Amino acid sequence: MALIIILAVIVLFFAVLIIRALAVKDKSEAPEEYKKPEIDLDSAVKKAQGAIRIPTVSMADDSFDDKPFFELQKYLEKTFPLFHEKAEKRVVNKYALMYKIEGTDKSLKPALFLGHQDVVPPQAEGWKFPPFSAEIKDGYIWGRGSFDMKSQLVSIFEATEMHLREGKMPKRGMYFCFGHDEEISGRDGATAMANVLRGEGLQFEFIFDEGMTPVNASLIGIKGPLALVGVCEKGWVNAKITVKGEAGHAAMPPKETTAVKIAKGVAKLNKHQMKARFTYPVNMLIKSVCPKASFKFKLLMANADIFKPIIKPILLKASPEVASLLRTTMAITVLQASEAANVMPDESYAIVNCRVNTGESTEDVKRHMQKVLGKGYEVELLELGKHEPTSVSDLRSFGWKMMEKTVAEIWDGGVCAPFPFVAGTDSKFYEGLSECTFKFSPHITDAEYRAGMHNVNEKFKITDVEEDIQFYYRFMQNACM
Ligand SMILES: [Zn+2]
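Throughout, this note's numbering is defined as the position within the sequence shown, counted from one, plus 17.
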């Protein structure tokens, strides 16, 4: 009898899971018939090559050379004359570029497009072609900045000029802010431009910055690309943990030196990470993907609330990338004790680089560390570069709807899904200027392709220049024209 009851409960449990999965219906409407415009790809690629050849390397030290930034400004003016004729240009802090194209309907909140002019320094060795040669080979443009993000920057200008060439002016005002120091903090470029916009009392319908890309998701049964659109950004802080004690002679070491204590402390922290959580953007990601996934995955996602306790530990172990989506990460990066091999340190410290999850704060991280470490450890949050997690974009907003529409129109069977962005972009400095911020780069990538970013042999697919232009063109048409 007991066995029959157990069996009946198991059957009922699985029946409920299946019914819940079957109840998930794809409610998205079929996209409007959209015919992409012709693009002169040869000319667009040449424009991107020209920009890549100007070595706008941002450096935090005295080796910073500003001549290429002035050269790039001139190059953009020469290459996109119509854009520069119709837009009002302002230069902030000598190098950051701000443009505004007035909208014909003043009742609409303007749009803001972001990008950056700078690139990271090229490593000296290992390039197949010189890093600023923008050589074309095997269907790629090779060079520093080709992926991050000169090609995309040029595409924003090109897409806007295409509309202007058709004799159209936008209904919605369009602002463009292109910083010059994104790769080294964004403090002189984006921060200053955001302050100018705040000073003018502006609010934007949406902000569109570089970020996540569409990926192939055929593995989970999605036909077209899965466009992962960053809708928030983690916070960032360096925490310094210090242990103080007595200096002494290395010939007569006490039982536990400050060096031993700090080593024990960081080992403890590494073991006791902050709690992993399914935050709102992660839940919304599951909700967006679920109706489009194959039944096997639908079964899992539709019952995510039941499976979460089981899948959470699996996800945390799956890969560091997946784990970083679910929790605040604590990377122990610096350990400092004595300067000399025969001197006992009277003070030892560690620096932990933390990326703070949505819904938590830098103070929460400090509290967690202090609780794990206990007495004898001082925890201090360093101010340089510290920022809280950004707000999460409003997924009911007009901007988000236009993002979904454009994804469906540009890629057959494409799915648009919100995504918590774990890296850093300039858009965090524009916090409070819009309820809807996208971090999205509209070209399909895979891990190998993305690995070139900030690395030797950075490259960008020629066909992706077209993808970017097509996406920006249609998005602007949907959202601004
Ligand atoms: Zn970038």
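Every residue, glycine too, gets a C-beta built ideally from N, C-alpha and C.
Remember, it's a predicted structure, so these values are computed and weren't measured experimentally.
Each residue's CA atom was taken as its position, placing residue 228 and residue 439 some 10 Å apart.
Residue 232: member of the beta strand (DSSP E) spanning 231-233, first to last residue. In terms of CA proximity to residue 273, 362 leads the group 362, 285, 225.
About 5 Å separates the beta carbon of residue 366 from that of residue 353, a gap short enough to meet the 8 Å contact definition. Close CB contacts of residue 70 within its chain, under the 8 Å cut and outside five residues either way in sequence, are with 149, 150, 151, 160 (chain order).
For residue 244, the closest C-alpha among the options 225, 306, 190 is that of 306.
Relative to ligand 1, even the nearest heavy atom lies 7 Å or more away from the CB of residue 76. Closer than 7 Å to some heavy atom of ligand 1: that describes the Cβ of residue 166. Non-local C-beta neighbours of residue 304 in its own chain, meaning closer than 6 Å and more than five positions away in sequence, are absent. In this structure residue 426 touches residue 48 by the C-beta definition: roughly 5 Å separates them, less than 8 Å. At least 8 Å separates the beta-carbon of residue 407 from that of residue 372. Taken from the Cβ of residue 197, every heavy atom of ligand 1 lies 7 Å or farther away. Beta bridge pairing from DSSP links residue 258 with 367, 396. Taken from the Cβ of residue 133, at least one heavy atom of ligand 1 lies inside 7 Å. Comparing alpha-carbon positions, the option among 118, 45, 290 lying closest to residue 384 turns out to be 290.
At least one heavy atom of ligand 1 lies closer than 7 Å to the C-beta of residue 227. Judged by DSSP in its simplified three-state form, residue 47 adopts coil rather than helix or strand.
Beyond the five residues adjoining it in sequence on each side, residue 89 comes within less than 8 Å, by CB distance, of 68, 71, 73, 134 in the same chain, given in chain order. By the Cβ neighbour-count rule, residue 127 is buried, with 16 or more other Cβ atoms within 10 Å of its own. Within the DSSP secondary-structure output, residue 372 pairs in a beta bridge with 253, 346. Membership of residue 461 in any beta strand (DSSP E) is not indicated, and neither H nor E is assigned to it by DSSP.
The DSSP-derived three-state label of residue 191 is strand.
Residue ranges of uninterrupted beta strand (DSSP E) with 3 or more members, entirely inside the region 150-180 and ordered along the chain, are 152-154, 157-159. Residue 226 and residue 455 do touch by the CB rule: their CB atoms are close to 7 Å apart, below 8 Å. The beta-carbon separation of residue 493 and residue 176, rounded to 6 Å, stays under the 8 Å limit for a contact.
The closest CA to that of residue 300, considering only 231, 191, 324, 76, is found on 324. Apart from sequence neighbours up to five positions away, the residues of its chain that approach residue 248 with a beta-carbon distance below 6 Å are 298, 409, 410, 435, ordered along the chain. Assigned with DSSP and collapsed to three states, residue 471 falls in coil, not helix or strand. In the DSSP annotation of this structure, residue 416 is not part of any beta strand (DSSP E); the continuous alpha helix (DSSP H) holding it starts and ends at 415-427. Separation of residue 476 and residue 100 (C-alpha to C-alpha, rounded to the nearest whole angstrom) is 27 Å. Here DSSP, grouped into helix, strand and coil, assigns residue 243 to strand. In the DSSP assignment, residue 115 forms a beta bridge with 107, 194. For the pair of segments examined, the region 314-322 was found not to touch the region 215-224: the number of CB pairs separated by less than 8 Å stays below three. In this structure, the alpha-carbon of residue 124 lies about 10 Å from that of residue 190. With respect to residue 484, residue 58 sits apart: the two C-beta atoms are not nearer than 8 Å.
With contacts defined by Cβ atoms closer than 8 Å, residue 113 and residue 195 form a contacting pair.
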